[in-house]
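Note that my numbering has the sequence shown beginning at 1348, numbered continuously upward.
Using N, Cα and C, we set each Cβ at its ideal position, and we do this for glycine too.
Everything numeric in this text was worked out from a predicted model, so none of it was measured.
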Amino acid sequence: MASLVLLMMVLYGTIGSQQAGSSVLRHDYQLQGRPLYKLDLSWPRNPELFTGEVFGVAVNQYAGVVYVAQRGDNVPKVLVFTIHGDFLMSWNTTTLEMPHGIFLADAASSNPTVWITDVGNGPYGHCIKQYSPSGNLLQVLGTPGKAGSGMNPLQFDQPAEIFVHDSGEMYIVDGDGGMNNRLIKLSKDQEVLWMHGEKGQGLAQFYIPHSVTVDSAHRVWVADRGNKRIQVFNSVTGDWLGTWGSCFTEDAPYSVRLTADKKYFVVVQLNTNQITLLDAPPVGLIGQCKVISVIQLADEVKPHLVDLDLKTGALYVAEIGAQQAQKFTPFSLGGSVSLEPH
């Protein structure tokens, strides 16, 4: 009976929003639709280490490590935890001004690297930077300190996110600054293979492209934030394949990732404080988006970007407003929870 009561407390968000040693953590939430994830209240073990605005998370499922990017004055830009919540290290560097998106590349290799998009306006901003797991700068994409639209040399204007495929090919959404509204694919040698770069509401046009991911069916999914939609492209040719917009009438998609079982897309909506799971379409079909489950977070939590542990299925969420990262683990129970119509 006690375990049943605890389960209902988690489902209906009645577990308190504070944790011992911290008065700022927000743990209250509600589930709508099918209950697919539950909050892991034990992660991380030292939440007081979050001292800035948490913008991004990246998981190395092979090493069991989670990288959290935060920004603010006199705060470490990256915090590193184990998937069990133990704190490993933090690192800071003068080469990183304002982290936005973070991505783990070559995670299965002996030399994984951390890619971070930098939206700062100072001498090191407007770039995408590759770091070692301990924070050593390895290389820079873009022209440091100079916003631009050039392709040779490559320039960005507050690039939002990068996705590095296992092949080494890179997909970049460059649009957080206003000058550019681009989806760029680079080869593993960092040559431009194709690009969509026109501002607008039409097909293959963007307004503040904010997040990008690639699935196993050679499809690129882009959170086209300013247009309140997700656009889909062929990863090889760059051809436009479809658009999802009907699920985002209230707020724009800010982040898009595919779950480990490839059944759902995880999308966060910052202004409505929601994590939405959409049915992933089969190969060869885009169709219309379909909401399967919603995690309704507390007011002013403001989820920004997410990442998933592809081994355990755990979901990690970077939350700007609450200044924290949270971990959600997959439910093993079936059924549905209907709190209110979505």
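Enclosing beta strand (DSSP E) for E1666 [first to last residue]: That run of the beta strand (DSSP E) goes 1662–1666.
Proximity to S1558 [Cα-Cα], best of R1572, S1534, V1422, K1546: Checked all of R1572, S1534, V1422, K1546; the closest Cα to S1558 is R1572.
Euclidean distance between Cα positions of D1656 and P1382: Annotation: D1656 to P1382 spans about 18 Å, alpha carbon to alpha carbon.
Contact under 8 Å by Cβ, I1667 with V1401: In this structure, V1401 lies closer than 8 Å to I1667 by Cβ.
Residues of its chain near E1545, where Cβ-Cβ distance is below 6 Å and the 5 sequence neighbours each way are ignored: Closer than 6 Å at Cβ, skipping near neighbours: Q1552.
Whether G1403 touches L1617 by CB criterion (8 Å): No. Outside cutoff.
Cβ neighbour criterion (16 or more within 10 Å) applied to E1597: It counts as exposed.
Member of A1665, F1434, D1433, Q1477 whose CA lies at the smallest distance from the CA of L1443: Proximity to L1443 across A1665, F1434, D1433, Q1477 peaks at Q1477, based on C-alpha coordinates.
Coarse secondary structure for G1467, derived from DSSP in three states: In this structure, G1467 counts as coil in the three-state DSSP scheme.
Where the beta strand (DSSP E) through P1650 begins and ends: From DSSP, the beta strand (DSSP E) with P1650 extends over 1650–1655.
Distance CB(V1613)-CB(T1606) smaller than 8 Å: For V1613 and T1606, yes; Cβs fall inside 8 Å.
Rounded straight-line distance, which links the Cα of L1632 to that of T1440: Each residue's Cα considered, the two are about 44 Å apart.
Euclidean distance between Cα positions of A1454 and D1646: In a straight line, the C-alpha of A1454 is about 34 Å away from that of D1646.
T1464 vs S1479 beta-carbon contact at 8 Å: Their beta carbons are not under 8 Å apart, which means T1464 does not touch S1479 by this criterion.
Nearest to R1604 (by Cα), restricted to the options L1435, Q1377, V1579, L1484: Ranking the options by Cα distance to R1604, first place goes to V1579.
Burial state of E1508, where buried means 16 or more other Cβ atoms lie within 10 Å: Buried: at least 16 other Cβ atoms inside 10 Å.
Reduced DSSP category for E1597 - H, G, I as helix; E, B as strand; rest coil: If DSSP states are grouped into helix, strand and coil, E1597 belongs with coil.
Counted within 10 angstroms of its Cβ, other Cβ atoms place H1543 as buried (16 or more) or exposed: Answer is buried; the Cβ neighbour count reaches 16.
The beta strand (DSSP E) enclosing H1374, as first and last residue numbers: Neither: H1374 is in no beta strand (DSSP E) and is coded neither H nor E.
Per DSSP, cross-strand counterpart(s) of K1476: For K1476, which the question treats as bridged, DSSP gives the partners I1463, V1487.
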